[in-house]
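Peer 1: Sharing a structure below in structure tokens format, with a few things to ask.
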Amino acid sequence: MERVDIELINHFEGLIKSSNKSIVLVPHMHPDGDAMGSVLGLWRVLQNSGLKVKIVSPTKYPEFYHWMDGHEQVIIFSHHPKQAANAFNESDLMICMDFNQLSRVGNMKELVENFKGKKILIDHHPYPGDFTDLVISDVSCSSTAELTFSILQSTKFAPFVDTNAATSFFTGIMTDTGSFDFNVSDPRTFETVAQLTRMGIDQLDIHSKVYDNYSADRMRLMGFCLSNRMTVYPEYHAAAMYISLEDQKAFNFVTGDNEGFVNMPLSIKGVVFSALFTEKEKYIKVSFRSKGEFAVNEICEKYFNGGGHRNASGGELYASMQETLAKFENLLPEFEEKIKQSVK
Ligand code: 5GP
Ligand code: MN
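In this text, residue positions in the sequence shown follow my numbering: the first is 42, and each later residue adds one.
So, in structure tokens, the structure goes:
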């Protein structure tokens, strides 16, 4: 059975066919492995089929994704705004990937909003926004990369999925499932991985490039945060960790150094709700993770100007770290009952 409705597939192929100029692919800001895996995989496939394709990312992404095929041609809007604007002007089709709201492209919102050509959204977040001509959204899918691969399998582009593209798609699936730790209850995800494996990907090498590529500083920061910046609330089955600007300075923090930190407290017996607060220059970046039915995206939407998935969500708060931590603590009693329902 096809994962995506045939009418949507036809619409997707039709929009690509009617493009005469370039196609521009757009991930969300601070792109993760899934956002980059999706755009780089699709870029490779469309490019292999002879089309002209560009990728414009709102911001840069962690170095441990820089090994990926196509990385050197990604235009970073925050660093090269003119080049980014040119890429949009030279394109007549835009494909937004792995986000559901325009706000997720940050300062690039205007460029995306005012884009004159046709627009497609491929995503797996709940409540996809109405800002494109075509929406292909599947919340049940592990990752946008898996969804994109499934779409391509039903199109004339299937033969153009090569090992490089398969490697990018696998990277998206692997990172969005925490190496097959969550979001993987659907057997189709493993079937997709089997297909990608047959295409010659080297899973061990991909895993190693992403997860064994950190600096000593990042490992030391992790140890420091676990020892000095984590509070466990056993009565609420919750834990919170924070990283101040000062901490970041002390450990020579670079983008991506806190990746995965938010998942760590979930390894503590009984903890089903974990929060990470990372101080930025003007706001606090919020990350929530949960196990089971407890929906952290609802908390992010209601209290932290964000959203996301049931078990992985994020947001931003324009407040001090102290205020943010206090807000979090004060919210715990409100969610006590719901949290407890997730405890097994
Ligand atoms: P992370 O905690 O890794 O930054 O984000 C986890 C998930 O939460 C992302 O995949 C994304 O779906 C969502 N998310 C993170 N930050 C934001 C945000 O600021 N706004 C919204 N709407 N979603 C976010
Ligand atoms: Mn994703």
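For every residue, glycine included, the Cβ atom is placed at its ideal position computed from N, Cα and C.
Beta carbon of Y277, beta carbon of E377: below 7 Å?
Peer 2: It is a contact, given that the beta carbons lie within the stated cut-off.
Peer 1: Counting only the same chain and skipping the five closest in sequence on each side, list residues whose C-beta sits under 7 Å from that of G347.
Peer 2: Once the five neighbours on either side are set aside, the close Cβ partners of G347 are V327, C341, S354, G355, G356, E357.
Peer 1: Since P136 and I64 should fall inside the 8 Å C-beta cutoff, what is the C-beta to C-beta distance between them, to a whole number of angstroms?
Peer 2: Correcting the residue type first, residue 136 is Ile in the shown sequence and not Pro. Contact holds; Cβ gap of about 7 Å.
Peer 1: Assuming I340 is part of the alpha helix (DSSP H), what are its boundary residues?
Peer 2: Element bounds for I340: 337-344.
Peer 1: Since M282 and L307 are thought to touch, with beta carbons under 8 Å apart, how far apart are those beta carbons, to the nearest angstrom?
Peer 2: So it is not a contact: roughly 11 Å between Cβ atoms.
Peer 1: Let me check you understand the geometry: is the CB of E357 closer than 6 Å to at least one non-hydrogen atom of ligand 1?
Peer 2: Yes, Cβ of E357 sits closer than 6 Å to a heavy atom of ligand 1.
Peer 1: Going by Cα to Cα distance, which pick from P72, L373, D75 is closest to V273?
Peer 2: Checked all of P72, L373, D75; the closest Cα to V273 is L373.
Peer 1: How would you call F221, buried or exposed, if buried means at least 16 neighbouring beta carbons within 10 angstroms?
Peer 2: With fewer than 16 Cβ atoms within 10 Å of its Cβ, F221 is classed as exposed.
Peer 1: Taking C-beta to C-beta, are L83 and K159 nearer than 7 Å?
Peer 2: No, the Cβ-Cβ distance between L83 and K159 is not below 7 Å.
Peer 1: Unbroken beta strand (DSSP E) runs of length 3 or more, entirely within the stretch 178-250: which are they?
Peer 2: The qualifying runs do not exist here; there are none.
Peer 1: Any chance the CB of T185 is under 6 Å from a heavy atom of ligand 2?
Peer 2: Yes, Cβ of T185 sits closer than 6 Å to a heavy atom of ligand 2.
Peer 1: Using the beta-carbon count (16 or more within 10 Å), is M138 buried or exposed?
Peer 2: Flag for M138 reads buried.
Peer 1: Can you tell me whether H120 is buried or exposed, with buried defined as 16 or more other CB within 10 angstroms of its CB?
Peer 2: Per the 10 Å Cβ criterion, exposed.
Peer 1: If you measure between the beta carbons of I161 and L152, is that distance less than 7 Å?
Peer 2: Contact: no.
Peer 1: Check whether the Cβ atoms of T216 and D75 sit closer than 7 Å, and answer yes or no.
Peer 2: Yes. Within cutoff.
Peer 1: When DSSP builds the beta bridges, which residues end up paired with C137?
Peer 2: C137 is bridged to V67, L162.
Peer 1: Would the stretch 97-114 count as touching the stretch 287-300 if we require 3 or more Cβ pairs under 8 Å?
Peer 2: Judged by Cβ distances under 8 Å, the stretch 97-114 makes contact with the stretch 287-300, as three or more pairs qualify.
Peer 1: Between H107 and ligand 1, is there a pair consisting of the residue's CB and a ligand heavy atom that are separated by less than 6 Å?
Peer 2: Checking every heavy atom of ligand 1 against the Cβ of H107, none is found closer than 6 Å.
Peer 1: Flag this pair as yes or no: are the beta carbons of I380 and F335 separated by less than 7 Å?
Peer 2: Contact: yes.
Peer 1: For ligand 1, I want to know if G348 counts as a neighbour, meaning its beta carbon is within less than 6 Å of at least one of the ligand's heavy atoms.
Peer 2: Yes, the Cβ of G348 comes within 6 Å of a heavy atom of ligand 1.
Peer 1: By how many angstroms is the C-alpha of K123 removed from the C-alpha of M305?
Peer 2: C-alpha separation (whole angstroms): 40 Å.
Peer 1: My understanding is that G170 touches S79, with C-beta atoms under 8 Å, so please give their C-beta distance in whole angstroms.
Peer 2: Their Cβ separation, rounded to whole angstroms, is 17 Å, which puts G170 and S79 out of contact at 8 Å.
Peer 1: In terms of DSSP beta bridges, what is I117 paired with?
Peer 2: Note: I117 sits in a beta bridge opposite S98.
Peer 1: Among N352, S361, K332, which residue has its Cα nearest to the Cα of Y324?
Peer 2: When only C-alpha atoms are compared, the closest one is S361.
Peer 1: Considering only the beta carbon of each residue, do T185 and H165 sit closer than 7 Å?
Peer 2: Yes; because the gap between Cβ atoms is below 7 Å, this pair is in contact.
Peer 1: I'd like the ranges of any alpha helix (DSSP H) spanning at least 4 consecutive residues and lying wholly in the stretch 280-354.
Peer 2: Counting only runs of 4 or more, we get 286-291, 337-344.
Peer 1: Under the three-state reduction of DSSP, which class applies to G147: helix, strand or coil?
Peer 2: Helix, per DSSP.
Peer 1: Using DSSP with H/G/I as helix, E/B as strand and the rest coil, what is S387?
Peer 2: No answer is possible for residue 387: it lies beyond the span of the chain, which begins at 42 and ends at 385.
Peer 1: Compare the beta carbon distance of K343 and V313 with 7 Å and say whether it is the shorter of the two.
Peer 2: Not closer than 7 Å, so no.
Peer 1: Across the stretch 236-254 and the stretch 200-211, are there enough close Cβ pairs to call them in contact, namely three or more that are closer than 8 Å?
Peer 2: Counting Cβ pairs under 8 Å, three or more are found: they touch.
Peer 1: Would you give the residue range spanned by the beta strand (DSSP E) that V273 belongs to?
Peer 2: Unbroken beta strand (DSSP E) run through V273: 271-274.
Peer 1: Helix, strand or coil: how does DSSP classify G356 here?
Peer 2: In this structure, G356 counts as strand in the three-state DSSP scheme.
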